[in-house]
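> My questions will all concern the structure given below.
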Amino acid sequence: MKTPPALFVASALLCAAPLSASPPTADSPNSGFRIAPHPDPSSYLLSWWGASDTFYFLQQSTDLVNWSLAPMFRTGSGAPLDQGLSTDQPRMFFRLKHTDDPESEIMQSDLDGDGLTVYQEYLLGSDPFNPDTSGNGIFDGIALKLGMTLTPPPAPLPDPNDTTPPAILLHTPTSATLLP
Ligand SMILES: [Ca+2]
Ligand SMILES: [Ca+2]
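Position in the sequence shown counted from 1, then plus 1252, gives you this note's numbering.
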């Protein structure tokens, strides 16, 4: 039996601290979790150290009392990770939740209601925050049973002049619940 997944950390107030020049490392306190403003309006960049074979989730709050899960799922590979985001809120707090246990409660949860757990979606390459990853109108769980593809269509080639980070859009939590 593995130890329960740890919950942290790293609360960060938007615009609280500028990004330092050095990227986070395995030895960085608090996983090196930090947030920095991006040149694009209302955009920010979260960064942290992604430990190998560790799954990361992001929680958000506007009041440090009510927390909700942001639509982000990342897997560490022993290298820095970053995540762009945008929000219309003047103040938000963030914290990372991580686990390396595929049997943990959150990894065995179906967060988007498509019939597949987060861990199953990780193995299949589908999005645990999108019930229809491929965009074909069929839920991922049903698509799996039908032998259909779960992966999204190929993304267009990136514009080398576009500096916009890959972003998730965050709004004020309306039905926030505490997570396990
Ligand atoms: Ca799911
Ligand atoms: Ca899904």
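Quick reminder that beta carbons are idealized off the backbone N, C-alpha and C, glycines included. If you're wondering where the values come from, they're calculated on a predicted model, not measured in any experiment.
Can you tell me the Cα-Cα spacing of residue 1396 and residue 1403, whole angstroms?
Within the sequence shown, numbered from 1, the residue matching residue 1396 stands at position 144. Within the sequence shown, numbered from 1, the residue matching residue 1403 stands at position 151. Those two C-alpha atoms are separated by around 11 angstroms.
> Roughly how many angstroms lie between the CA atoms of residue 1333 and residue 1408, to the nearest whole one?
For the purposes of this step, residue 1333 is identified with residue 81 of the sequence shown, where counting begins at 1. For the purposes of this step, residue 1408 is identified with residue 156 of the sequence shown, where counting begins at 1. Roughly 22 angstroms separates the two Cα atoms.
> Using C-beta distances below 8 angstroms, list every residue in its chain close to residue 1405, excluding the 5 sequence neighbours before and after it, in chain order.
For the purposes of this step, residue 1405 is taken as residue 153 along the sequence shown, with counting starting at 1. Cβ neighbours of residue 1405 beyond the five flanking positions: 1386, 1387.
> Can you tell which of 1341, 1274, 1346 has its C-alpha closest to the C-alpha of residue 1309?
Numbered from its first residue, the sequence shown carries residue 1309 at position 57. Answer by Cα proximity: 1346.
> Indicate the three-state DSSP secondary structure (helix, strand or coil) for residue 1262 in the structure shown.
Within the sequence shown, numbered from 1, the residue matching residue 1262 stands at position 10. With a pLDDT of 46 at residue 1262, under the threshold of 50, the modelled position of this residue cannot be trusted; read the value that follows with caution. Correct three-state label for residue 1262: coil.
> Under a three-way DSSP split, which group does residue 1390 fall into?
Taking the first residue of the sequence shown as position 1, residue 1390 is located at position 138. Residue 1390 falls in the coil class under three-state DSSP.
> Tell me the rounded alpha-carbon separation between residue 1304 and residue 1279.
As a working mapping, residue 1304 is identified with position 52 in the sequence shown. As a working mapping, residue 1279 is identified with position 27 in the sequence shown. Approximately 14 angstroms between the Cα atoms of the pair.
> Could you say which of 1322, 1318, 1338, 1274 lies nearest to residue 1293 if we only look at CA atoms?
For the purposes of this step, residue 1293 is identified with residue 41 of the sequence shown, where counting begins at 1. Measuring from the Cα of residue 1293, the nearest candidate turns out to be 1338.
> Hey, how far is the Cα of residue 1354 from the Cα of residue 1393?
What you label residue 1354 is simply residue 102 of the sequence shown in a count that begins at 1. What you label residue 1393 is simply residue 141 of the sequence shown in a count that begins at 1. Taking the straight line joining both Cα atoms gives about 18 angstroms.
> DSSP three-state call for residue 1395: helix, strand or coil?
Numbered from its first residue, the sequence shown carries residue 1395 at position 143. DSSP places residue 1395 in helix when its eight states are reduced to three.
> Can you look up residue 1367 in the DSSP assignment and give me helix, strand or coil?
Counted from its first residue, the sequence shown places residue 1367 at position 115. If DSSP states are grouped into helix, strand and coil, residue 1367 belongs with coil.
> Is residue 1396 close to ligand 2? I mean its beta-carbon at under 7 angstroms from any heavy atom of the ligand.
The residue given as residue 1396 occupies position 144 in the sequence shown. False, no ligand heavy atom lies under 7 angstroms from that Cβ.
> From residue 1359 to residue 1372, what distance separates their C-alpha atoms?
By 1-based counting over the sequence shown, the position of residue 1359 is 107. By 1-based counting over the sequence shown, the position of residue 1372 is 120. Their backbone Cα atoms lie some 8 angstroms apart in a straight line.
> Compute the beta-carbon to beta-carbon distance between residue 1348 and residue 1300, rounded to the nearest angstrom, for a pair I have assumed lies under 8 angstroms.
By one-based count along the sequence shown, residue 1348 stands at place 96. By one-based count along the sequence shown, residue 1300 stands at place 48. Yes, residue 1348 and residue 1300 are in contact; Cβ-Cβ is about 6 angstroms, under 8 angstroms.
> Report the three-state DSSP secondary structure of residue 1281 (helix, strand or coil).
Mapped onto the sequence shown, residue 1281 falls at position 29. Helix, per DSSP.
> Is it buried or exposed, residue 1277, if we count other Cβ atoms within 10 angstroms and call 16 or more buried?
Counting from 1 along the sequence shown, the entry for residue 1277 is found at position 25. Its Cβ having fewer than 16 others within 10 Å, residue 1277 is exposed.
> Is residue 1372 helix, strand or coil by DSSP?
As a working note, residue 1372 is residue 120 in the sequence shown. Here residue 1372 sits in helix by DSSP.
> With distances taken from CA atoms, which of 1329, 1344, 1275 is nearest residue 1352?
The residue you call residue 1352 lines up with position 100 of the sequence shown. Residue 1329 is the option with its Cα nearest to residue 1352.
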